[in-house]
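Trainee: A single structure is presented below for examination.
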Amino acid sequence: MSENLWGYQPTAGHTVGTDLIGYKVEATDGSIGKVDKHSDDVTSSYLVVDTGVWIFGKHVLLPAGTVSRIDAGEKKVYIDLTKDQIKDAPEFDKDKHIGDADFHRTTGEYYGRHRRV
Numbered sequence: 003m004s005e006n007l008w009g010y011q012p013t014a015g016h017t018v019g020t021d022l023i024g025y026k027v028e029a030t031d032g033s034i035g036k037v038d039k040h041s042d043d044v045t046s047s048y049l050v051v052d053t054g055v056w057i058f059g060k061h062v063l064l065p066a067g068t069v070s071r072i073d074a075g076e077k078k079v080y081i082d083l084t085k086d087q088i089k090d091a092p093e094f095d096k097d098k099h100i101g102d103a104d105f106h107r108t109t110g111e112y113y114g115r116h117r118r119v
């Protein structure tokens, strides 16, 4: 994962302005859902993933630093986390958490604990 958890890794293949909505999201151990929303903000880039029926429609916020690779041809985003790590992440509620600095901080702390060394 990236040193900057809220920025895309230089090797991820992300191009600012690319619409990732609808891309399938792949954890290290399988598919977890689709991108529902994303942000390219320089210090706060993220994906919101709709996990669908996999964990009963939960939405999760994934910092851009968790993205290991984007395949535009396949329309897939590869995440450097397991399905369980994503499943156990704080649930994202767009009506409550957009612009919520505390949620942003606690989400960053959660994923920071799961960084690969």
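In the numbering used here, each residue carries its 1-based index in the sequence shown increased by 2. We put the CB at the ideal spot given by N, CA and C, even for glycine. Only a predicted model underlies this, so the values are computations on that prediction, with no experimental measurement involved.
Report the start-end ranges of each alpha helix (DSSP H) in the region 9-58 that is 4 residues or longer and not cut off at the edges.
Mentor: Within the region 9-58, no complete alpha helix (DSSP H) run reaches 4 residues.
Trainee: My output table needs one value for E93: the three-state DSSP class, helix, strand or coil.
Mentor: Here E93 sits in strand by DSSP.
Trainee: Using three-state DSSP, classify V119 as helix, strand or coil.
Mentor: Because the pLDDT at V119 is just 38, under 50, the model does not fix this residue reliably, and the value given afterwards should be weighed accordingly. If DSSP states are grouped into helix, strand and coil, V119 belongs with coil.
Trainee: With DSSP as the reference, please indicate the residues paired to K78 in a beta bridge.
Mentor: Paired residue(s): K26 and D73.
Trainee: Suppose the cutoff is 8 Å on Cβ atoms and the five residues either side in sequence are ignored; what does the same chain contact list for T108 look like?
Mentor: Cβ within range, chain order: P92.
Trainee: Quick one: what's got a C-beta closer than 8 Å to Y48's C-beta in the same chain, skipping five residues either side?
Mentor: Closer than 8 Å at the Cβ level, and outside the excluded window around Y48, lie W8, H40, S41, L63, L64, P65 and A66.
Trainee: Have a look at T17, D38 and D31 and flag the residue whose alpha-carbon is nearest the alpha-carbon of I23.
Mentor: The shortest C-alpha separation from I23 is found at D38.
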